[in-house]
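Numbering (my numbering), first residue to last: 199 to 380. C-beta: ideal position from N, C-alpha, C; glycine also.
Right, dumping it as structure tokens:
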């Protein structure tokens, strides 16, 4: 069961999803967001749309777009410039879990000693907190997660949290998160 499965089940009780047809940059945001998110098709289409937009943005820093499962096909992870990253070609449907694969790739293959993950998602926080000790054994020195937006943006040092919590407590946090959803 994915970490968000319980949230999705509760969300499914609230509304029946309505799939948008031909989602594009110009598609207006529906007024009833609960119906938008209740549709798995919309979630997949939105992931693909964002991926396509991000990969065509000119940026000085390296950008890696996650692999996406779309129409029963896996679209590979790509770097800026649409270069395929074959090591990240996988069938992990849950986007939160794919982040872990990306951090491992940066650590193991690219030997990055610092990774910054831009996400406000507590599921990703729980995953990264759980796997940070493993990443450290591969040579990662710093793992940061960005929270907030605008002037309220903050960087949280997961590597420091591990040193304060200890590995066993950090690995237990994901279990508490799965049980409570918080």
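On the DSSP bridge assignment, give the partners of residue 342 in chain order.
Residue pairing by DSSP places residue 342 opposite 314, 355 in a beta bridge.
Using a Cβ-Cβ cut-off of 7 Å (strictly less than) and excluding sequence neighbours within five positions of residue 362, which residues of its own chain qualify?
The answer is none, since no qualifying residue turns up.
Alpha carbon of residue 290 to alpha carbon of residue 332, nearest angstrom:
19 Å
Which residues in the same chain as residue 237 place their Cβ atom closer than 7 Å to its Cβ, once the five residues preceding and following it in sequence are excluded?
215, 216, 217.
Quick one: is residue 324 buried, meaning 16 or more other Cβ sit within 10 Å of its Cβ, or exposed?
buried
Hey, could you find the ends of the alpha helix (DSSP H) residue 321 is sitting in?
320–336
State the Cα-Cα distance for the pair residue 352 and residue 313, rounded to the nearest angstrom.
15 Å
Simplified DSSP assignment, three categories, for residue 236
The answer is coil: DSSP assigns residue 236 none of H, G, I, E or B.
Cβ neighbours of residue 285 in the same chain (closer than 7 Å, five flanking residues each side left out):
Closer than 7 Å at the Cβ level, and outside the excluded window around residue 285, lie 303, 307.
For residue 359 and residue 220, the rounded distance between their alpha carbons
43 Å
Cutting at 6 Å between CB atoms, please list the residues of its own chain near residue 366, excluding the five before and the five after it.
Hits under 6 Å: none found.
Where do the N-terminal and C-terminal ends of the alpha helix (DSSP H) with residue 369 fall, by residue?
Start and end: 365–378.
In the DSSP assignment, find the alpha helix (DSSP H) that holds residue 306 and state where it starts and stops.
293–306
Buried or exposed: residue 378, going by 16 or more other Cβ atoms within 10 Å of its Cβ?
Classification of residue 378: exposed, given that the 10 Å Cβ count is below 16.
Status (buried if at least 16 other CB within 10 Å, exposed otherwise) for residue 374:
exposed
Chain-order list of residues whose beta-carbon lies under 6 Å from that of residue 372 (same chain, five-residue window excluded)
324, 328
Residues in the same chain with beta-carbon distance under 6 Å from residue 244, minus the five sequence neighbours each way, listed in chain order, please.
none
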